[in-house]
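Trainee:
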Amino acid sequence: MTTIKSLADLDQLRQAALQNKQRQAETGDAWMTVDLSTPALASGASRTLKTILDYVAARKLEHVHVQQTANIGYDSLEPIVRVVIGGNPEVTYGKVTEAVAERILTEHLLGGKVVEEYRIEQLLAQLG
Amino acid sequence: MITLKIDGKTVEVPENTTVLRAAEAAGITIPTLCDHPDLTPYGGCRLCVVEVKGYRLPMASCALPVSQDMEVITENPALAEARRGILELLLSDYYDQGYEDGLGGSNELLHWAEHYHIDLEQAMAKQPRYRVDSDPNPFVWVDMNKCILCTRCIRACADVQGRFVWSLAARGAHTQVVAGAGTTMLDARCESCGACVAYCPTGALNNKMSLHLGAADRKVTTTCTYCGVGCQLELNVKDDKVIRVTSNSDAAVNGMRLCVKGRYGYDFIHHPDRLTQPQVRKYLLDGTPRPPGRGEWVTVDWDTALDLTAAKLSACRDIYGSNSLGILCSAKCLNEENYLFNKFARQVIGTNNIDHCARL
Amino acid sequence: MLIIGSNTTEQHPVFGTMIRQAVMHRGVKLVVADPRKIDITEFATLHLQLRPGTDIPLVNGLMNIILEKGWEDRDFILNRTEGFDEVRQTLEHYTPEHVAQLTGIPLEKLYEAAEILATNKPMAVMWAMGITQHIVGVNNVMDLANLQMMLGNLGVPGGGVNPLRGQNNVQGACDMGGLPNVYSGYQNVTLDASREKFEAAWGAQLSQTVGMTVTEMIPGIEEDKIHALYVLGEDPIVSDPNSSHIRKCMEECDLVILQEIFPSETSPYADILLPGASFAEKSGTFTNTERRVQMVHQAISPPGEARPDWWIIAEIARRVLAQGARQVQPAPYSGWEYENTSQIMDEVAALTPSYAGVSHARLERDPAGLHWPVKDAEHPGTPILHVGQFTRGKGHFMPVEHVPPAELPDEAYPMLLNTGRVLYHWHGGEMTRRSAGLLEIYSHAKIEINPEDARMLGLNGKRRVRVSSRRGSIEAHAWITDRVPTGMIFSNFHFPESSANELTIAALDPVAKIPEYKICAVRVEALD
Amino acid sequence: MSAHTTDNGYKEMARLAIEKHGTSPDALIPILLEVNQEYGYIPVKALTEIKKHLNAPVGDRLIQEGHLFSLASFYHMLSLKARGRHIVLFCESAPCHVTGGRAVWQALQEQLSLSAGETSPDGKWSLVTTSCLGACGVGPVVVIDEDMYGNVTPERLPEILSRYE
Amino acid sequence: MMEVKVINKRALVLVSDDSESRRLGSQELLQALRTEIDRCGLANEVDLNTIVDVGAKNLLPLVIIYPEAVVYGPVHPADAGRIVKEHLSQGRVIEEMIVPKHQLTGRIAWLAARSGALPAAQRIVLERAGRIDPESIEDYIIYDGYQALTKALTQMTPAQVIEELTISGLQGRGGAGFPTGKKWEIVASTSGSKKYVICNADESEPGTYKDRVILESDPHSIVEAMALAAYAIGADEGFIYIRGEYQLAQQRFQKAIEQAQALGLLGEHILGTDFSFHLHIHSGAGAYVCGEETALIESIEGKRGEPRSRPPYPTTHGLWGCPTLVNNVETLANVPPILRRSGEWYKKFGTPSSPGTKVYTIFGNVNLTGVFEVPMGITLREAISIYAKGMKNGAAFKLAQTGGSSGSLIPASLQDTPLDFAATRKAGVSLGSGALLIADENTCVVDLVKVLLNFFRFESCGKCTPCRIGTQRSYEILTRITQGQAELDALDELLKLADQMVRLSNCGLGQTAAVPIRDMLKHFRTEVEAHIQLGVCPTGVCPMRVEAPAAEEMQPLASA
């Protein structure tokens, strides 16, 4: 990686990264993004992650990419996992325990059906 | 130079002077405990708080540098109340077992407590928290029940002695002063110079040798008898006995500094081995030849001893000549005494055979 | 600052603390040259662990580097000194490489030291008996003076060649004429003018020849030169080298008068024992190592019949003069009627130019004391010598060459013995061994031995050793420590039962007659 | 641990820590953290070894064991006492307290048979209180070794503790 | 692709219900609103409540609707239908019913600053949190990362950087609220060849973990901000002091430093300019007091974290005695957006006296815990009702503690005070670090304050008398109260200790340790007195008997 010397360099790098993401989306691949912040980990996110990785590895799901992010702000709804398939709108899940992770993989990623009861909007609505 | 007003008085002091020192320069005493002019300012005890125009809360004058046109008030009812509060807090952690500490029942803490009319009985802790005499050092008595964590001992060891034996351990309500890694003073490389004792304002550190000896009748400033540095020390005398050695910031050479020998190596003065009577060998009195090993000693009065000495010396001089005598004067004796020995050798005996252990 | 041959924090503890503070708070760069890792090395920017007895090569080597780098103070050398060229020639043999070999100090450390010492001004040299107690003691001192003149560090505050005198009043004893070659104030006995002055003052004929030093007097007994010794507050058995030889001489002496505060190792050899007063029991003055004259005040009465030494000597003087052959004429200062030491000091002042302005009354007024020379009653004293001009005019460079120590380790005695004092004791230990607390902390002699040597000697956990030299043998506890380098042990002389001076050699400096306490060859054996 | 707790072990450890962090004053606390991590606590012998490497005046002080001890006893992540194989950290700050921390604390003490600061006789557990760990959103919080557990209840404790050998 | 997640819309409707409002029909209005809300099926989405003492007499009764913070008034019962239909159902603000801003007086004047936009959408600091991979510098760059630094270094002078910051009105987010631009200006104008930038990430205030969220989620934003600060003040070296407990944050920050170095955004000659900046992580080792900036500096210098005496301040005499800029993580996180956009842009958020947004952490007895970022000036009630989804298990809200252990105890009666620097100061409470501990009716205030003082007596550095001994004595008295062992004069003693701690302590720790004691006695004295006089703990939390010896045995650490 060369060093950045100007705003133009920075912009070039930014455009390249954006295009890369765009190209990835066009492939129709799926992305699962796991929150690996401290409250997430305290709520078992590392097990959730492991479940997902094991599942993907065991079934050789090459079109599923697992990545990490961090705290979006709903500590009591951790572990939070976000799913994006191709160009579709993303779905955010909360309280994703190992069992819920398996359901999401099976039902949503492979089955194409959102697991409604763990959607974050659903969980939030239940709270008030 | 910085000009400021303290209690209405205009004071001019160099930059970086603390408000406390500036007040001192103006002849105003601000009560302090953790502060000492020889030591790095600490700002811990908070007894020295003053009101400074422009500051909402009282400021610790010992750690506050002066600034131009500052206006300081060092005493008023609110500050007196604050000081009383500080003293009460300190005393609530202070416990006196009641032993004779050689300080005559007074120390800096108690002095200020009395000054602010605090009922000691009521303010003092009700029970000890530490073992008394908790360190085996032969010179330093440690009673942490009297420690107010002013850290003067720590700073004295660092700033004066350069030894770093003491430090603070733990924190918060459990903060305490410890030697080394929680060991004994000697294991913490203490040189037993007693600086920590000299700077302790409460008697938490005290002179073990002097503990039950009471207060001194008088202090006599003199020059130390050990090495060539020439430290000034104060012999604390009671009943014609040296009961303690103290140091004084005024000493030109050493200030408050002393070494272990200077501060604590004085008990040889009263050692039972001291020679208290002139003695001569019996054969000299008998006028008989010298026996092997010179024979037994006889205690005599001064006249006998002096006459005998003079007779033997003059005889030797007259028989073998002046240069058959050797005079060894002493690097431990007074200038005046050495001068007399020089005069004695040269005038009285007539020899230059005089020397001392300068070479040894 | 250069400290060489001084274990400052143990021997002059209060100066030691000041040096520590100077390093910590003023950022003073400190170079310590010492064969041992003494405490002050912790504060040193650089520790030069030289081989014992190689001070001259070290100092010459440093000067060689200084010249190589052009760090010398040319103005000072030109205007204030003479004889520089001879020294320059001598220094040519002391190449850094050669010096590194002689001293055992790595080359880069020599360069580093030279740079620190030459480029931080002013630079002070502090030295003590580690410099003087060698057969080349005087040359060692002169070489340090060469270094300081070369760097222009004399006659300036913070510079100088500063000896740290061992005993409290060693300076005063010398000032007062307690030396075989000078009267008080270093007025030479061989100089007619001086002698005549004192003859007039004391009303007696005085000897024109230089007397014997202590290191000559005692052996002089064996040679029938000395028949009587009058010893004031000294313990030659413990403090002089080669104790067994001293014992033999003392044994033979016809008359030994000992004036002391304690029975000592020397008292068995005394015929008359006179009880003196300790420092707490008399008033007078001491002169410290900075030439500062300070008051001593009586605090308590002497025990029993003990009397101040000045009283005793005056009594004896009067009695000796009253009988026998030697005549004294009436003269201004011929008498011995003193009521106090203040009168004695007035006599000193009258006869001693450097003390001319000193009086007890003045010292009482100014407790900070006076640095001599104090030329008259108004003169403020002289804290720094050689300001602007040396006493003799120009400072004289003296070329100095390396001479190996008198006795070096060999097959029979493979280790080198270095001697000195420890913090908790003082000199022969007469006083400190009678201080309960000091004895509690440091109760017996300890021989410092490097762990590596300890292993070679098979000490193996054993703590007692026998150390022998060609002159004697002692037993003591071993302290296994890396303070000493391999091949060297260190011992003190505070404990008569295992005094290092049983082992030391009476090889003397030819000028100052100082024994080479710092180096002799010994053999160490483990005991059970 | 035993291999480390020899004199040579301490020496080596001190050497490595100094190599990594240097000898300037700002390295002192990182060095102590490193030792604490290595041994689970800071043995006094290790302080002595570290001191040997630091023996030159640092600023206005000469670093002695006392200063290192002072630091080690000031900072709560550093321990001067030997600890068990597993360290149970319980957050005793107000946020965890009001969300049921008190009950968890009681249960922890009972289930481990330990009070604050104690180590079990078999050397398995040390129970240590800590102030806020910054996971208040999922309080009460218990940390065992490197693992953080949020929303802990007395009922969950046996299962959590059983994960450790 | 990844949009900002807006928290579920949920409205809070407040009706003024003081005596004047009642006289003008507020009760009827309330009833009408309730009926309309039920009729529209919004009962589960809208919280209807009352507010007293709003101080705007000519507009009564008035209705405030959150989260938009729209103020309608005067409102008649007849208007209820329209408000519910248009505003609450359709989300359309009824412009003609809004109170003219200049007419807002008294305690709701601050609402003038509140625009109609949804607060939760206005993330500045947490813009990227939860959206990007924190370990990817590309992700950061995609979302505008390092643009501010590049812009500053290539187009702005250090003075211009500070100027922009001053315009923004940004105030320190660590708790004290000192104007950031001014602080930078002081350090920049202090002479000295060596200066330091320190990021205070020793976030030890219990309940505060906003900085952790920033560091774990978006570490590059702090790297960029610190480089900007260094450029502005003329420093070439920086430290970020991260709590030792924050291992994950440390790891991610370390990675960020390495990535930035690789791209030439840190190190020598950044972006090919003369500006160099070296950034180090310094790990804390477990000491609350090190959050105090001078204690933090002492700690970096390898000492015990004992706060220094001030003045002099770190801005002139900081790390190793050099001029030093110390800023909190959240403060710094605001810097790149301000420089990327502008100071004027930033000023549009929040209130005039406290521009910008604030990151709050909310936890305790509430339904949703976590972290949220909103413009300065929201109220506690809003935070609980809207962001925390109300109290857990339907329990009543009793008190909140803002700003961690050292913060104020806010009783339910003060929950409508806006949380900005100026208003909280005026109300005598401290906004502090932005932690909101929400406690319900089952919380005993004495027990809570005892826990807080227990914390302080352990966390006090032990240096100054009032703090070291004052916290201990206070704790002992509180313990006695919870054991039913105290007399009424213990409360005077507590107040006296609190006064000593406030007036005489060396640093903020001792000063603020007194705050909960004072607040407890100010707002909950009856409850405290019940412990003493009736011998009961109203919430049943305190044991009211001696459980264990109160006095602690203390042995010297010396083993001798």
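Residue numbers (the working numbering), protein chains in the order written: chain A, 18 to 145; chain B, 8 to 367; chain C, 2 to 529; chain D, 15 to 179; chain E, 18 to 577. Using N, Cα and C, we set each Cβ at its ideal position, and we do this for glycine too. Because the structure is a prediction, the values reported are computed rather than measured.
1. Are there any heavy atoms of the ligand ADP lying less than 8 Å away from the beta-carbon of A:G128, as far as the coordinates show?
2. Alpha carbon to alpha carbon, what distance is there between B:C157 and C:Q188?
3. Please give the ranges of any beta strand (DSSP E) in the stretch 76-156 of chain D, keeping only runs that are unbroken, at least 3 residues long and fully inside the region.
4. With a CB to CB cut of under 6 Å and the five nearest residues on each side skipped, what residues in its chain are close to B:G221?
5. Figure out for me which residue from D:I77, D:K138, D:S145 has the closest Cα to the Cα of D:E179.
6. With 9 Å set as the bound, which would you pick, yes or no: does the beta-carbon of B:V204 sit closer than that to a beta-carbon of chain F?
7. Can you tell which of B:T39, B:G34, B:A67 has the C-alpha that lies nearest to the C-alpha of E:R520?
8. Return the residues of the stretch 232-248 of chain B that lie within a Cβ-Cβ distance of less than 8 Å from chain C, sorted by chain order.
9. By Cβ distance, which residues of its chain are closer than 6 Å to B:G333, with the 5 residues on each side in sequence left out?
10. Taking buried to mean at least 16 other C-beta atoms within 10 Å of its own C-beta, is E:Q120 buried or exposed?
11. Are E:V468 and E:M537 close, meaning C-beta to C-beta below 9 Å?
12. Decide if the stretch 270-279 of chain C is in contact with the stretch 36-52 of chain D; the criterion is three or more beta carbon pairs, one per stretch, under 8 Å apart.
13. Can you pull the DSSP bridge partners for C:Q168?
14. I want to verify the contact list: residues of chain D whose CB lies under 7 Å from the CB of A:L58, in sequence order.
15. Answer with yes or no whether the minimum CB distance from D:G114 to chain A is below 9 Å.
16. Quick check on A:A34 - is its C-beta less than 9 Å from some C-beta in chain E?
17. Does any C-beta atom of chain B lie closer than 9 Å to the C-beta of C:M127?
18. Identify the contact partners of A:E95 in chain D, using a Cβ-Cβ distance below 9 Å as the criterion.
19. Can you list, in chain order, the residues of its chain whose CB lies under 7 Å from that of B:L292, leaving out five sequence neighbours each side?
20. Closest to E:T311 by C-alpha separation, out of E:G451, E:A417, E:L453, E:G322, would be which residue?
21. Mind pulling the chain A residues with CB within less than 8 Å of E:Q164?
22. Applying a beta-carbon distance threshold of less than 9 Å, which residues of chain A neighbour D:V155?
23. From the DSSP output, read off the bridge partner residues of B:W3.
24. Taking the straight line between their C-alpha atoms, what separation do you get for C:K110 and C:N61?
25. Which one of C:A45, C:R37, C:E98 has the shortest CA to CA distance from C:L59?
26. Can you give me the start and stop residues for the alpha helix (DSSP H) that C:W203 sits inside?
27. Sort out for me which residues DSSP pairs B:P72 with in a bridge.
28. Taking only beta-carbon positions, decide if D:S16 is within less than 9 Å of chain E.
29. Is there a Cβ from chain E that is less than 9 Å from the Cβ of A:A47?
30. Below 8 Å on the Cβ atoms is my contact criterion, and I expect E:T174 with E:L288 to pass it. Report the Cβ-Cβ distance as a whole number of Å.
31. Assuming C:T104 is part of the alpha helix (DSSP H), what are its boundary residues?
32. How big is the Cα-Cα spacing for C:Q209 and C:T191?
33. Name, going along the chain, the residues of the stretch 89-102 of chain B whose beta-carbon falls closer than 7 Å to a beta-carbon of chain E.
34. Using only the alpha-carbon positions, how far apart do C:Y95 and C:A34 sit?
35. Rounded to whole angstroms, how far is the Cβ of D:G115 from the Cβ of E:E220, which I believe are closer than 8 Å?
36. Kindly say whether D:G131, judged by its beta-carbon, lies nearer than 9 Å to any beta-carbon of chain B.
Mentor: This is what the structure gives:
1. This structure lacks the ligand ADP; in fact it carries no ligand of any kind.
2. A straight-line Cα-Cα distance of about 55 Å links C:Q188 and B:C157.
3. Whole beta strand (DSSP E) segments, 3+ residues: 100-105, 139-144.
4. There are no such residues.
5. Nearest of D:I77, D:K138, D:S145 to D:E179, Cα basis: D:K138.
6. Here the protein chains are A, B, C, D and E, and chain F is not one of them.
7. When each option's Cα is compared against that of E:R520, the closest is B:A67.
8. Hits within the stretch, in order: T232, Y233, C234, G235, V236, G237, C238, Q239, L242, V244, D247, K248.
9. The beta carbon of B:G333 is closer than 6 Å to those of N360 in its chain, skipping five residues each way along the sequence.
10. So E:Q120 ends up on the exposed side.
11. Inclusion of E:V468 and E:M537 in the CB contact set at 9 Å is not warranted, their separation being larger than that value.
12. Touching, no, given that fewer than three Cβ pairs across the two stretches are closer than 8 Å.
13. In DSSP, C:Q168 forms a bridge with B:C234.
14. By Cβ distance, chain D contributes M162.
15. Among the CB atoms of chain A, none fall inside 9 Å of the CB of D:G114.
16. At a cut-off of 9 Å, the C-beta of A:A34 has a neighbouring C-beta in chain E.
17. Cβ-Cβ to chain B under 9 Å: no for C:M127.
18. Here the neighbours are G151, V152, G164.
19. V305.
20. When each option's Cα is compared against that of E:T311, the closest is E:G322.
21. For E:Q164, the neighbours in chain A by C-beta distance under 8 Å run, in chain order, L24, L27.
22. Contact note: D:V155 reaches chain A through A59, using a C-beta cutoff of 9 Å and chain order.
23. As displayed, chain B neither begins before 8 nor continues past 367, which places residue 3 of chain B out of reach and without an answer.
24. Pairing C:K110 with C:N61, the inter-Cα distance amounts to about 15 Å.
25. Relative to the Cα of C:L59, the nearest Cα in the group C:A45, C:R37, C:E98 belongs to C:E98.
26. 193-203 is the extent of the alpha helix (DSSP H) around C:W203.
27. Checking the DSSP bridge columns, you'll see B:P72 partnered with B:T25.
28. Reliability of the predicted coordinates at D:S16 is poor, the pLDDT of 45 falling under 50, and the value obtained from them is presented with this limitation in mind. For D:S16, the answer is no, since every Cβ of chain E falls outside 9 Å of its Cβ.
29. With a threshold of 9 Å between beta carbons, A:A47 makes no contact with chain E.
30. Rounded to the nearest angstrom, the Cβ distance from E:T174 to E:L288 is 15 Å, too far for a contact under 8 Å.
31. Element bounds for C:T104: 97-104.
32. In this model, C:Q209 and C:T191 are separated by some 5 Å (Cα to Cα).
33. Per Cβ criterion, the list reads A89, G92, I93, L96, L97, S99, D100.
34. Going by the C-alpha atoms only, they are around 17 Å apart.
35. 20 Å between Cβ atoms; not a contact.
36. No, its Cβ sits nowhere closer than 9 Å to a Cβ of chain B.
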